[in-house]
Each structure stands twice: as C-alpha cells, then as structure tokens.
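The letter at position 124 of the sequence shown is residue 137 when you use our numbering, and the numbering goes up by one with no holes.
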Amino acid sequence: NYQEALRYIGKLPFEQAESNMKRYGKTLMHHIPEQTTQLLKGLCTDYRPSLEGRGDREAPSCQANSEEFIPIFANNPRELKAFLEHMSEVQPDSPQGIYDTLLELRLQNWAHEKEPQVRSGQTGGRCWREYSSWAGNVAQ
C-alpha cells in the first residue's frame with residue numbers, strides 16, 4: 014500500500030527519509046502525487062519525523078536540497094509547480110535551479126495556452142514580472 018509506505022517514510026529519521034524518497038519517490042509520485050508532494054515539501058523545508066505517540070516531540074528539524082527532488086516530478090507538472098512555488102515562497106533563498114525550473118514550467122504553460130490574447134503576449138509580461146520579482150529576492 015503506497016499510503017502506508019509514505020506514512021512509514023514520514024516517520025523515519027531525516028537521512029533515511031531523504032534516501033528513501035530519492036529511491037522510491039517516482040513510484041510514490043505516480044500513485045499518490047499529492048501526498049508525496051506534501052512529504053517532499055516538508056523534507057525540503059522543516060522536516061521532523063511524524064512521531065505518532067512517541068514522547069520526543071522536539072526533534073531537530075532538517076532540510077534536504079530541493080533541487081535534488083525535481084526529477085521525481087517527471088510527468089507530473091501540476092505537482093512540480095506546486096512544489097516549486099512552495100519552495101520559492103517558503104525559502105526565498107532556494108537554489109537558483111528552483112527558480113529556473115519554475116520559470117521554464119510557466120513559460121511552457123504560457124506557450125501552450127489556447128486563448129489568443131494569452132498567446133499574443135497580452136499576459137506574457139506577468140511571467141516575466143513574477144520571475145524578476147523572484148530573481149530580486151534571490152539576489153538579496
């Protein structure tokens with residue numbers, strides 16, 4: 014059961030959870046994308062094993078390198094976008110690859126829009142403004 018596997022990984026110490034997500038993340042993403050994305054968000058921001066009934070609730074938090082998990086989102090652009098947006102909002106100093114991938118994803122979405130006003134560039138400036146804003150945050 015994929016839900017149980019993900020729940021189990023979420024209880025592991027940081028290093029083991031990180032290793033298992035790198036190993037099994039693509040499979041989990043294929044079967045339970047939203048829950049897998051949630052665990053990856055936590056793993057890359059403020060990971061603490063879910064302790065369900067254990068006494069030590071003050072385990073130190075750890076953060077994985079978010080760029081290393083981007084390949085897990087292959088064939089799942091909706092969850093990739095959610096992950097990248099979360100990382101850019103929660104950690105403005107995220108690696109440049111997070112911002113580059115998010116920009117690329119948004120430009121691909123923009124290029125594939127079917128509405129003529131979108132394709133003609135009337136809203137294309139929004140992507141550039143958002144990227145410029147993010148790039149400014151990263152540079153600070």
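For glycine and all other residues, C-beta sits at the position ideal for the given N, C-alpha and C.
Proximity to residue i [Cα-Cα], best of the options
i, options, result
"Trp-45", "Glu-102, Glu-98, Asn-33, Glu-92", "Rather than Trp, the amino acid found at residue 45 in this sequence is Ile. Checking every option, the nearest Cα to that of Ile-45 belongs to Glu-92."
"Asn-89", "Tyr-15, Asn-14, Glu-47, Gly-55", "Glu-47"
"Cys-57", "Gln-109, Tyr-112, Gln-104", "Gln-104"
Alpha-carbon to alpha-carbon, residue j and residue i
i, j, result
"Ala-77", "Leu-115", "18 Å"
"Arg-36", "Glu-126", "34 Å"
"Gln-16", "Gly-38", "12 Å"
"Gly-55", "Pro-84", "17 Å"
"Glu-102", "Phe-86", "19 Å"
"Leu-53", "Leu-120", "24 Å"
"Ala-18", "Cys-75", "21 Å"
"Glu-80", "Ala-95", "14 Å"
"Met-100", "Ala-124", "24 Å"
"Tyr-112", "Asp-106", "10 Å"
"Glu-98", "Leu-118", "11 Å"
"Met-34", "Pro-108", "19 Å"
"His-43", "Tyr-60", "22 Å"
"Thr-40", "Asn-122", "25 Å"
Sequence-distant residues of the same chain with beta carbon closer than 6 Å to residue i, five excluded per side
i, result
"Tyr-21", "none"
Neighbourhood of residue i by C-beta distance below 8 Å, restricted to the same chain and skipping five residues each side
i, result
"Pro-62", "Gly-23, Lys-24, Leu-25, Pro-26, Phe-27, Ala-30, Ala-72"
"Gly-110", "Glu-80, Ile-83"
"Gly-68", "Confidence is the limiting factor: at Gly-68 the pLDDT is only 45, short of 50, which leaves the residue's position unreliable and the question unanswerable from this model."
Residues sharing a beta bridge with residue i, DSSP
i, result
"Cys-75", "Tyr-60"
Cutoff 7 Å; reference residue i; Cβ partners in own chain excluding five residues on either side
i, result
"Asn-14", "none"
"Thr-50", "Glu-92, Ala-95, Phe-96"
Residue i Cβ short of 6 Å to the ligand MG heavy atom set
i, result
"Val-103", "The ligand MG is absent from the structure shown, which contains no ligand whatsoever."
- prompt: Can you give, in chain order, each stretch of the beta strand (DSSP E) that sits fully within the region 23-55 and has at least 3 residues?
  reply: For the region 23-55, there is no continuous beta strand (DSSP E) assignment of 3+ residues that stays within its boundaries.
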